[in-house]
Amino acid sequence: MPPALQAIGITKRFPGVLANDHVDFTLEKGEIHALLGENGAGKSTLMNIIYGLYQPDEGQILIDGRPAQIASPHDAIAYGIGMVHQHFMLVPPLTVTENIILGQETVTAASRSLGPLAWLDRRRAAEDIYELSQQYGLDIDPEARIQDLPVGAQQRVEIIKALYRRAEILILDEPTAVLTPQEADELFIIMRSLVAQGKSIVFITHKLREVLAVADRIGVMRGGRMVGLVHPADATQEMLAEMMVGRECLLEVEKAPARPADVVLAVRDLRVRDDRHHLAVNGVSFEVHAGEILGIAGVQGNGQTELAEALTGLRHAVDGQALFLGLDITRAAPRAIIETGAAHIPEDRHKHGLVLSYPVRDNLVLCTYYLPPFANGITLDDEAINQHAVRLVREFDVRTPSIMTAASSLSGGNQQKVIVARELSRPVKLLIASQPTRGLDVGSIQFIHRRIVEARDQGAAVLLLSAELDEITALSDRIAVMYKGQILDILPGRSAGREVSREKLGLLMAGVKDAPADRKVAHG
1263 MPPALQAIGI TKRFPGVLAN DHVDFTLEKG EIHALLGENG AGKSTLMNII YGLYQPDEGQ
1323 ILIDGRPAQI ASPHDAIAYG IGMVHQHFML VPPLTVTENI ILGQETVTAA SRSLGPLAWL
1383 DRRRAAEDIY ELSQQYGLDI DPEARIQDLP VGAQQRVEII KALYRRAEIL ILDEPTAVLT
1443 PQEADELFII MRSLVAQGKS IVFITHKLRE VLAVADRIGV MRGGRMVGLV HPADATQEML
1503 AEMMVGRECL LEVEKAPARP ADVVLAVRDL RVRDDRHHLA VNGVSFEVHA GEILGIAGVQ
1563 GNGQTELAEA LTGLRHAVDG QALFLGLDIT RAAPRAIIET GAAHIPEDRH KHGLVLSYPV
1623 RDNLVLCTYY LPPFANGITL DDEAINQHAV RLVREFDVRT PSIMTAASSL SGGNQQKVIV
1683 ARELSRPVKL LIASQPTRGL DVGSIQFIHR RIVEARDQGA AVLLLSAELD EITALSDRIA
1743 VMYKGQILDI LPGRSAGREV SREKLGLLMA GVKDAPADRK VAHG
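One gets the working numbering by counting positions in the sequence shown from 1 and adding 1262 to each.
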């Protein structure tokens, strides 16, 4: 039996970059093939070629052993290939059925002769969608509106949308990035149900634990090449990480127990509205002490973004109070908060973290360019700025051809390192880190985690907001779980001598307060 999909000798060049270098990839029928790699390793380019978004410079694609010409996603769908993107392609006000049939509308036989005026046969489409959901255990209401569904259900809609288009091959791009642990477990059950019924799945992720749990085979890319193919039974997380980055990686965060001191940040009954004027933060209260990391866990979209923006001056609260070292910063400007001793690693590094057109050296002094030694009155001291940049580029391992290179030319990981270098190279009493490693590879994640822990150990209070549960549990000394704009509970982290279970955190992230007990952990 021929493979479901073969990519043979795929080569793709962009200006100055060899993104895919004679890559071979095989997806067998009825298997889950996980694809791992750092940012820039070439895995997204390969999948975009298979889905028709890019055209290869060399190589060919075979579907069921026969050459396939895939010039567009329309061609890919015709060949039975469906792709579920990390960011869902759904229209929130429309129903499940309306989203799924967009571009595939079924019209009634009686009205077909009316051409553009034909009536959509929503009832028949809804019945077909319901049957698909039952067949594959996807459990979705065809009449529900997308905006009323939790994130895990929205993802199931994306999968049904691909199946409705008769996909035999599914490409799942970072499918668990916004899911609770329980929703991720449900997705794995669905994936197993799909392959049991003959579908084939490419599973793109950076979560090594998940790869080992669900994949049949694991392909690893590095530098545009396929560098390894292993079976989960023969692999460990450490082995996979080393294959991805080409060197040994320490996956465990080395962190001594916290030594919390005085309260640095006190938040009292804070209320913040989002861009649509809805109450995104609804009566939140907590404290962060010097020398500790308080992690805010939660599925993205539960008010974490608005909370961080309110605490850094990017958005004003409508009620409540935030005190930083006893000073009221509830409606303070960002510069005033910075000058009090705050540092901010923003969620959106392009929008709030960098001036992309500026060179690296200028981005490294965005918070301090007007202060000595970088300025004398209104005159900038270029030599001092240059020396500062050279030192930070070396100390924070920023991979850049020059300190004069535009920030837009750097990889995501190196852009993030520029932000971390700028924020942590000055005296910091409070660090607010929002999604600090989103989209980064294993090596960059390891580096930034180490720097966050060092800031804590030097006496800073750290507020960590992350949708990555592994990141929250690895770094946090205490964990607050946020759901629909409120904090449901604050739990002890690892260094407190107890480790809260992933199951309990997952249930809280889904709004369920009754959860399993924590478990004790030993510290060596």
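For each residue, glycine too, the CB sits at the ideal point set by N, CA and C.
Bear in mind that the values here come from a model prediction, so they are computed numbers and not experimental data.
From which residue to which residue does the alpha helix (DSSP H) around residue i run?
| i | result |
| --- | --- |
| R1718 | V1704 to D1719 |
| K1613 | Run containing K1613: none; DSSP gives neither H nor E here. |
| A1387 | R1384 to Q1397 |
| E1568 | Q1566 to L1573 |
| V1515 | Element bounds for V1515: n/a, residue is neither H nor E. |
| R1428 | It is not in any alpha helix (DSSP H) - R1428 carries neither H nor E in the DSSP assignment. |
| V1682 | G1674 to L1686 |
| R1487 | Not the alpha helix (DSSP H): R1487 falls in the beta strand (DSSP E), residues R1487 to V1492. |
| P1335 | P1335 to A1340 |
| A1646 | D1644 to E1657 |
| I1665 | Taken as a continuous stretch (DSSP letters only), I1665 belongs to no alpha helix (DSSP H), as it is neither H nor E. |
| E1405 | Run containing E1405: none; DSSP gives neither H nor E here. |
| E1290 | First-last for E1290: undefined, no H or E at that position. |
| Y1360 | The amino acid occupying residue 1360 in the given sequence is Glu; Tyr does not appear at that position. First-last of the alpha helix (DSSP H) with E1360: V1358 to I1363. |
Quick check on the burial criterion: 16 or more other C-beta atoms within 10 angstroms. Buried or exposed for residue i?
| i | result |
| --- | --- |
| M1506 | buried |
| N1648 | exposed |
| H1347 | exposed |
| M1396 | Looking at the sequence shown, residue 1396 is not Met but Gln. It counts as exposed. |
| Q1720 | exposed |
| Y1313 | buried |
| D1531 | exposed |
| S1670 | exposed |
| T1592 | buried |
| P1443 | buried |
| A1330 | buried |
| F1276 | exposed |
| L1364 | exposed |
| G1588 | exposed |
| T1699 | buried |
| N1361 | buried |
| D1401 | exposed |
| M1309 | buried |
| T1641 | exposed |
| K1775 | exposed |
| R1250 | Beyond the ends of the chain as shown, which are 1263 and 1786, falls residue 1250; an answer cannot be given. |
| N1282 | buried |
| G1755 | buried |
| R1471 | exposed |
| I1311 | buried |
Report the CB separation of residue i from residue j in whole angstroms; it is logged as a contact under 8 Å.
| i | j | result |
| --- | --- | --- |
| I1466 | K1291 | Not a contact, Cβ separation roughly 19 Å. |
| E1300 | D1703 | 3 Å |
| D1319 | T1273 | 5 Å |
| V1543 | V1440 | So it is not a contact: roughly 19 Å between Cβ atoms. |
| I1339 | R1427 | 5 Å |
| Q1583 | L1727 | Between L1727 and Q1583 the Cβ distance is about 19 Å, and since that is not below 8 Å, they are no contact. |
Classify residue i as helix, strand or coil using the three-state DSSP reduction.
| i | result |
| --- | --- |
| G1377 | Reliability of the predicted coordinates at G1377 is poor, the pLDDT of 49 falling under 50, and no value is obtained from them. |
| V1262 | Residue numbering for the chain in the displayed model covers 1263 to 1786; residue 1262 lies beyond these limits and cannot be assessed. |
| H1606 | strand |
| L1441 | coil |
| Q1416 | helix |
| Y1620 | coil |
| S1306 | helix |
| R1471 | helix |
| G1786 | Below a pLDDT of 50, predicted positions are generally treated as unreliable, and G1786, at 34, falls in that range; the measurement from the model is reported next regardless. Here G1786 sits in coil by DSSP. |
| A1579 | coil |
| L1324 | strand |
| V1774 | coil |
| L1280 | strand |
| E1601 | helix |
Would you kindly report the start and end of the unbroken beta strand (DSSP E) that includes residue i?
| i | result |
| --- | --- |
| V1762 | V1762 -> no beta strand (DSSP E), and no H or E assigned at all. |
| R1484 | R1479 to R1484 |
| A1559 | I1555 to A1559 |
| L1297 | I1294 to G1299 |
| I1272 | L1267 to F1276 |
| A1736 | Note, A1736: premise wrong, no beta strand (DSSP E); alpha helix (DSSP H) at L1731 to L1737. |
| P1354 | Where P1354 is concerned, there is no enclosing beta strand (DSSP E), given that its DSSP letter is neither H nor E. |
| G1344 | I1343 to V1346 |
| S1696 | L1692 to S1696 |
So, do the region 1739-1749 and the region 1543-1557 have three or more beta carbon pairs nearer to each other than 8 Å?
-> Touching, yes, given that three or more Cβ pairs across the two stretches are closer than 8 Å.
Say whether the region 1648-1665 touches the region 1609-1623, bearing in mind that this needs 3 or more beta-carbon pairs closer than 8 Å, one atom from each stretch.
-> Result yes; three or more Cβ-Cβ pairs closer than 8 Å.
Contact the region 1691-1702 vs the region 1604-1611: 3+ CB pairs below 8 Å = Enough Cβ pairs lie closer than 8 Å, so yes.
Taking three-plus beta-carbon pairs below 8 Å as touching, is the region 1662-1672 in contact with the region 1556-1576?
-> no
Do the region 1398-1413 and the region 1348-1364 touch if we need at least three Cβ pairs shorter than 8 Å?
-> yes
Stretch-stretch touch, CB-based, cutoff 8 Å, three pairs: the region 1453-1463 with the region 1420-1435 | yes
Between the region 1276-1289 and the region 1472-1486, are three or more C-beta pairs nearer than 8 Å?
-> yes
contact_flag[the region 1671-1684, the region 1704-1713] where n(CB pairs < 8 Å) is 3 or more | yes
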